[in-house]
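Notes follow the structure.
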Amino acid sequence: LLAAVFHMLHMSPEGLSRTSLLGLRGSTWRTWDVIMANVVLARSLGHAISATHPATAAITNVVVPTGLVVCLAVLPSVDIVVVATLTGVCLLALVACKVVLEGVDTIPSYPASLARAVMF
Numbered sequence: 016l017l018a019a020v021f022h023m024l025h026m027s028p029e030g031l032s033r034t035s036l037l038g039l040r041g042s043t044w045r046t047w048d049v050i051m052a053n054v055v056l057a058r059s060l061g062h063a064i065s066a067t068h069p070a071t072a073a074i075t076n077v078v079v080p081t082g083l084v085v086c087l088a089v090l091p092s093v094d095i096v097v098v099a100t101l102t103g104v105c106l107l108a109l110v111a112c113k114v115v116l117e118g119v120d121t122i123p124s125y126p127a128s129l130a131r132a133v134m135f
């Protein structure tokens with residue numbers, strides 16, 4: 016839904032910065048869309064590496080969303096670079112936590128054919 020609203024505002028003849036919906040400017044909708052996409056990315060990686068320990072679950076379910084929302088509230092202007100950097104750090108922490116707490120041998124192995132299919 017966020018993506019649909021953002022793209023609808025983005026395609027407006029007035030431009031993204033001059034349009035608004037429900038009292039929020041188009042750029043605000045874009046920021047929330049980017050943040051939610053990164054939350055979904057973090058949760059997807061948690062599922063992909065089969066992170067089951069409570070600490071790894073906390074990273075994907077609490078740390079990433081909270082960190083992104085706090086970043087949005089504290090920083091005057093949040094851009095994609097800030098969000099991507101924060102998400103990248105959290106994803107590296109997730110993998111490190113998985114390896115330390117559950118062991119490297121618990122990371123699932125995916126067949127090469129699946130990797131080729133995903134990479135086109």
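In my numbering, the protein residues as written are 16 to 135. Just so you know, even glycine gets a beta-carbon here, dropped at the ideal spot from N, CA and C.
One thing to note: A66 has its Cβ within 8 angstroms of the Cβ of T75. Counting only the Cα atoms, E29 lies some 37 angstroms from V77. L109: member of the alpha helix (DSSP H) spanning I95 to E117, first to last residue. Selection G41, R40, A72 and L39 evaluated against V54 yields A72 as nearest (Cα-Cα). The C-alpha of G103 lies about 10 angstroms from the C-alpha of V79.
By the neighbour-count definition (other C-beta atoms within 10 Å, threshold 16), A111 is an exposed residue. P69: member of the alpha helix (DSSP H) spanning P69 to A73, first to last residue. The three-state secondary structure of L90, taken from DSSP, is coil. Between L56 and W44, the C-beta gap is not smaller than 8 angstroms, which leaves the two residues out of contact.
A straight line joining the alpha-carbon of R40 with that of T46 spans about 10 angstroms. In the three-state scheme derived from DSSP, where H, G and I count as helix and E and B as strand, P80 is classed as helix.
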